[in-house]
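S.K.:
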Amino acid sequence: MAGFQPPPRIKNALDNRKLNLSTPTPGAQGKYASLIWGLIANNPRITVYTNDPNDQGESKGYGKITANLDLPVLFMFLEQLKQVIEHDGEIKYKIENKNYIFPGGKRSEKPVVTSELWFGKDKEGMVWISVVARDRPKIKFTLAPSDFHHLMNADGTAVSAGQVSKLYGRAYIRILEQMFISVAADNYVEPPKKEGGNTGGYNKSAGRSSGGSNESSDDDMPF
Numbered sequence: 039m040a041g042f043q044p045p046p047r048i049k050n051a052l053d054n055r056k057l058n059l060s061t062p063t064p065g066a067q068g069k070y071a072s073l074i075w076g077l078i079a080n081n082p083r084i085t086v087y088t089n090d091p092n093d094q095g096e097s098k099g100y101g102k103i104t105a106n107l108d109l110p111v112l113f114m115f116l117e118q119l120k121q122v123i124e125h126d127g128e129i130k131y132k133i134e135n136k137n138y139i140f141p142g143g144k145r146s147e148k149p150v151v152t153s154e155l156w157f158g159k160d161k162e163g164m165v166w167i168s169v170v171a172r173d174r175p176k177i178k179f180t181l182a183p184s185d186f187h188h189l190m191n192a193d194g195t196a197v198s199a200g201q202v203s204k205l206y207g208r209a210y211i212r213i214l215e216q217m218f219i220s221v222a223a224d225n226y227v228e229p230p231k232k233e234g235g236n237t238g239g240y241n242k243s244a245g246r247s248s249g250g251s252n253e254s255s256d257d258d259m260p261f
């Protein structure tokens, strides 16, 4: 129908902007990328808005890179992130997110990697998260307070950035765990009945892909 406008999405506690992560967009001076958390059709979604002028248009997801998860996988990620926080030294992991894609309108024979959720700790002790996809910007979001808050020792010296990231990460995970349980319980939507077998479920939006896997290796990551 011409002029049809879908109803506005009902906002929930995950829309609190204080939960978003932000960092300068690589190669785009003055631009900032953001990572936000959401729940769509009962399933967690982590979305990166690259805000990169060279990362726009339909083929680039209009500047969005999305990790579509389910609740058990989200909590698996958070449990492993806890291990990362307590680990001494550099470490990183990734979760491959697969689904069917529809190049040329035809469904792929098998599910392929549509995005990857990377997370780890760098040599400075900073805990970080990233959502990546093929031929898209790779953006590292560190877990740390904003510039408006600084944790200090009693003598006026700053607590090390690595220690602050560890504390912030622990707190951040506690918030996310409680938020997602509450929002999922309060906003449950009965899934529509499937017709004609499995069509890829909640991740079907990956059908914009032009084909091929988004799988990347450790060597592909700049951090």
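As numbered in the numbering used here, residues 39 to 261 make up the sequence shown, in order.
Where a beta carbon is used, it is the ideal one built from N, C-alpha and C, also for glycine.
All values derive from a computational prediction rather than experimental measurement.
Is residue 220 helix, strand or coil by DSSP?
M.R.: Residue 220 falls in the helix class under three-state DSSP.
S.K.: Quick check: residue 85 and residue 74, are their CB atoms within less than 8 Å of each other?
M.R.: Cβ distance < 8 Å, so residue 85 and residue 74 count as in contact.
S.K.: Can you tell me the Cα-Cα spacing of residue 95 and residue 135, whole angstroms?
M.R.: The alpha-carbon atoms of residue 95 and residue 135 are separated by roughly 22 Å.
S.K.: What residue range is occupied by the uninterrupted alpha helix (DSSP H) comprising residue 120?
M.R.: Taken as a continuous stretch (DSSP letters only), the alpha helix (DSSP H) holding residue 120 covers 109-124.
S.K.: Assess, as a yes-or-no matter, whether the segment 138-154 is touched by the segment 182-201 under the definition of 3 or more beta carbon pairs within less than 8 Å.
M.R.: No contact exists between the segment 182-201 and the segment 138-154.
S.K.: Give the DSSP-derived three-state secondary structure of residue 181 in the structure shown.
M.R.: Correct three-state label for residue 181: coil.
S.K.: Thinking C-beta only, is residue 109 closer than 8 Å to residue 223?
M.R.: Against a cut-off of 8 Å, the Cβ pair of residue 109 and residue 223 comes out as no contact.
S.K.: Using only the heavy atoms of the ligand SAH, determine whether one of them is closer than 7 Å to the beta carbon of residue 225.
M.R.: With respect to the ligand SAH, the structure shown offers nothing to examine, as it has no ligands at all.
S.K.: Going by Cα to Cα distance, which pick from 152, 172, 52, 71 is closest to residue 259?
M.R.: Closest option to residue 259, Cα to Cα, is 172.
S.K.: To the nearest angstrom, report how far apart residue 183 and residue 231 are at their CA atoms.
M.R.: Their backbone Cα atoms lie some 43 Å apart in a straight line.
S.K.: Given a cut-off of 8 Å, decide if residue 46 and residue 218 are closer than it, judged by their beta-carbon atoms.
M.R.: No. Outside cutoff.
S.K.: In whole angstroms, what is the alpha-carbon distance linking residue 113 and residue 76?
M.R.: Rounded to the nearest angstrom, the two C-alpha atoms are 14 Å apart.
S.K.: What residue range is occupied by the uninterrupted beta strand (DSSP E) comprising residue 59?
M.R.: Here the beta strand (DSSP E) through residue 59 covers 59-62.
S.K.: Run through the DSSP bridge pairs and tell me what residue 82 is partnered with.
M.R.: Note: residue 82 sits in a beta bridge opposite 77.
S.K.: By DSSP's criteria, residue 129 is part of a beta bridge. Which residues make up the other side?
M.R.: According to DSSP, which records beta bridges pairwise, residue 129 is partnered with 159.
S.K.: Looking at the strands, I want to know which residues DSSP matches up with residue 233.
M.R.: Paired residues: none, contrary to the question.
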